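Worksheet: the structure to be examined is printed underneath.
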Amino acid sequence: MTTYLDFEKPLSAIEGKAEELRAMARANGEMDVEKEAAALDRKAADILNDLYKNLSPWAKCQVARHPERPHCRDYVEALFTEFTPLAGDRNFADDLAVVGGLARFEDRPVVVIGHEKGHDTTTRIEHNFGMARPEGYRKAIRLMDLADRFNMPVISLVDTPGAYPGKGAEERGQSEAIARSTQRCLQLGVPLVSVIIGEGGSGGAVAFATASRLAMLEHSIYSVISPEGCASILWRDAEKMREAAEALKLTAQDLKKLGVIDRIIPEPRGGAQRDRAAAIANVGKAIGAMLGEMQGMDRTAVVQERRKKFLKMGAKGLAA
Amino acid sequence: MNWISNYVRPKINSLFSRREVPENLWTKCPECGTMLFHRELAENLNVCSNCQHHMPMTPRERFATLFDGGIYTEVEVPAPVADPLQFRDQKKYPDRMKAAQKATGEKEAMLVAEGEIGRTPIVAACQDFSFMAGSMGMYVGNAIIAAAERAVKLKRPLILFSAAGGARMQEGILSLMQMPRTTVAVEMLREAGLPYIVVLTHPTTGGVTASYAMLGDIHIAEPNALICFAGPRVIEQTIREKLPEGFQRAEYLLDHGMLDRVIARAQMRGELITIVRMLMGLTPVVAGDLPPPADVASLADQRATAATGEPAEIDETS
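Those protein sequences? They're chains P and D, same order as listed.
All the letters of the first sequence, read from the start, carry residue numbers 83 to 402 under the working numbering.
All the letters of the second sequence, read from the start, carry residue numbers 562 to 879 under the working numbering.
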């Protein structure tokens, strides 16, 4: 059963009808509906094309949060071999909002780190909807230490609404954990290649996305604050999220213009959720290309390049 | 000249154009309600003499009471592109900036200076909560980078006074990018082997806490300062329970291992001198040898006549 977003409503009617026709044909062998159904399919494809060609920033937020979008685990399963999850921050707990471990990418040993949101109620709760606590960031720091010592590139997959705003998380130093994780990213003598696959929510995202190369899926978002949060503060009305999403310039397209990200990874027609395998393959290609760009760079060059990139960032605004 | 022009007119004029009297000679302590005379308040470094509540200080007040003789040189901060996103909410961002500049008389939300404290050369940066809640955008990022570069060049420690509601939403992603940018500045100091001391003042929240404010070699906070990533309101809405008394206040963070010390403002300068001199491998200062900071009472008169701004709002981000 496909989940339709509110702006996809015209599509649901047509796709529903095509489905209905085919169901009727299955029940009654005499009927030949394929021609009509195929016409409906073509119409649906056209509508889908039109809808996704010019998604508003708010629509992109909805797509980025789509429950059927591939999540971290899906990418890890498809793109890496010998994935060996590693757990724990060695201080307090293992935070399941962050998954990570050793793996091979195109046979090369790497460390992979990502936010996992979960795909049904049980797993969503288990992974805390991808909202990490300090332990998650400290686990990531541990994994980055490991990567740095054994000369393995780090690949991070970012998909989080933000760091978890809870009592315990604050008591155990959420701020410090995020700050240290960002700092660790900047100290890495190995390439850190990062992809925002869904939501890049504020500090929780920065902690893994302070990368040598940062790519975003075409319909993902990266923002200092959620549109709802921004609307409730600046408009004093959380319902103004459309305006806020517009103003925040949180789409991959705007962020590329601002020089905050390095590349946009195309999504299949109708978004990653409609053809998960194709979206995952595109991400794989981009990771390979970004790692390739950094081949042969020595440790000092890797650190210096990343630093320079951030020092220069934003110098030109939208004119970049 | 006659009776009317000599006597009546001045009399009438004096009725309508009264001599300008500074209006804010008295400040009410927001904690205990005590009325505090401006000179007394300034001599107490904006701390209530009744309940010890630490009120905000502007960067200029902070520096005047920190540096020897109140003497410091401002470090120039490269100006970023104005309004990089052409951001507009209910007001345009440039209009909000102009209002903040008018209210504070400052260019932006951070001031960087070099000078001496207890004859110890330092670079200091101070965030201005009265300027758009001290929020961190490109300028604040540039200021911290400029401060670190200056400190590295002069081989001096950097003391940073933080105060912010968080990231400057009107600069969108570029405000978020100040988290890694300012962290690069911290890395420069670390590599140069120079101390980086953070004094966390009320309030330090959001992306500021989650970057340069929590990466100091030493963390000192002023009493009762709110220091957090997610604000108490956001947490209460998430977990739907009342938070304990003193949650996310300086003393609470000290108990939870996030700070080295909580120090009253009156002792702060002496404390900083002691720490910085030890970390820089300098000899102890001779007691009684310390030059005093500026004459604070005269500053108070300036402050009383200065324009007052509209109260700043806290931009909470998570």
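For each residue, glycine too, the CB sits at the ideal point set by N, CA and C.
Predicted, not measured: the structure shown is a model, and the values here were computed from it.
Residue i in three-state terms, based on DSSP
i      : result
I824/D : coil
R649/D : strand
K716/D : coil
P167/P : strand
S276/P : strand
H763/D : strand
I303/P : strand
T84/P  : coil
G98/P  : helix
L755/D : coil
Q613/D : coil
S723/D : strand
V236/P : strand
V837/D : helix
V608/D : strand
Q688/D : strand
A873/D : Since pLDDT at A873/D reaches only 41, below the 50 mark, its modelled position is unreliable, and the value read off the structure follows with that caveat. A873/D falls in the coil class under three-state DSSP.
M693/D : helix
Proximity test, Cβ basis, 8 Å: residue i and chain D
i      : result
L373/P : no
L93/P  : no
T333/P : no
A100/P : no
R295/P : no
A320/P : no
Y304/P : yes
C143/P : no
G212/P : no
K367/P : no
L340/P : yes
V288/P : yes
DSSP bridge partner residues for residue i (one or two, in chain order)
i      : result
G676/D : Y633/D, I683/D
P68/P  : Beyond the ends of chain P as shown, which are 83 and 402, falls residue 68/P; an answer cannot be given.
I346/P : M298/P
S242/P : Checking the displayed sequence, the identity of residue 242/P turns out to be Thr instead of Ser. Looking at the DSSP assignment, T242/P forms a beta bridge with G282/P.
A416/P : Nothing in the structure corresponds to residue 416/P, since chain P is present only between 83 and 402.
K589/D : M596/D
I782/D : Here the sequence assigns Ala to residue 782/D, which means Ile is not the residue at that position. Paired residues: L761/D, V823/D.
T333/P : I303/P
V180/P : H197/P
R810/D : L787/D
M829/D : DSSP, once it has assigned bridges, lists no residue as partnering M829/D.
Nearest-angstrom beta carbon gap, residue j and residue i [assumed within contact, 8 Å]
i      : j      : result
R742/D : I706/D : 7 Å
T766/D : G733/D : Their Cβ separation, rounded to whole angstroms, is 18 Å, which puts T766/D and G733/D out of contact at 8 Å.
A674/D : T634/D : 6 Å
G768/D : G727/D : 5 Å
S276/P : S305/P : Not really, about 16 Å apart at Cβ, beyond 8 Å.
S723/D : L672/D : Between L672/D and S723/D the Cβ distance is about 13 Å, and since that is not below 8 Å, they are no contact.
P152/P : R358/P : 5 Å
P852/D : G630/D : 6 Å
P309/P : C143/P : 6 Å
Any chain P beta carbon closer than 8 Å to residue i
i      : result
V745/D : yes
Q613/D : no
M738/D : yes
H817/D : yes
S772/D : yes
Q688/D : no
G768/D : yes
F692/D : no
R742/D : yes
F790/D : yes
R649/D : yes
I796/D : yes
A661/D : no
E903/D : It is not possible to answer for residue 903/D, since the shown part of chain D is limited to 562 through 879.
Item to check | the segment 225-238 of chain P / the segment 261-274 of chain P touching (three or more Cβ pairs under 8 Å) | outcome: yes
Checklist entry - Touching or not, the segment 202-216 of chain P and the segment 753-773 of chain D, by the rule of three or more beta carbon pairs under 8 Å? => result no
Checklist entry - Are the segment 329-345 of chain P and the segment 299-308 of chain P touching, with three or more C-beta to C-beta distances below 8 Å? => result yes
Item to check | Touch test, the segment 771-791 of chain D against the segment 252-270 of chain P, Cβ-Cβ under 8 Å, three pairs minimum | outcome: yes
Checklist entry - Do the segment 182-190 of chain P and the segment 150-162 of chain P make contact, defined as three or more Cβ pairs closer than 8 Å? => result yes
Checklist entry - Are there three or more Cβ pairs, one per stretch, closer than 8 Å when the segment 125-140 of chain P is compared with the segment 83-96 of chain P? => result yes
Checklist entry - Counting Cβ pairs closer than 8 Å, one from the segment 583-596 of chain D and one from the segment 606-624 of chain D, do we hit at least three? => result yes
Item to check | Inter-stretch contact at 8 Å, needing at least 3 Cβ pairs: the segment 833-841 of chain D / the segment 680-695 of chain D | outcome: yes
Item to check | the segment 808-822 of chain D in contact with the segment 785-799 of chain D per 3-pair CB rule at 8 Å | outcome: yes
Item to check | Interfacial residues, the segment 248-264 of chain P to chain B, with Cβ spacing under 9 Å | outcome: Given the protein chain composition of this structure (P and D), no chain B is represented.
Item to check | Contact the segment 281-297 of chain P vs the segment 340-359 of chain P: 3+ CB pairs below 8 Å | outcome: yes
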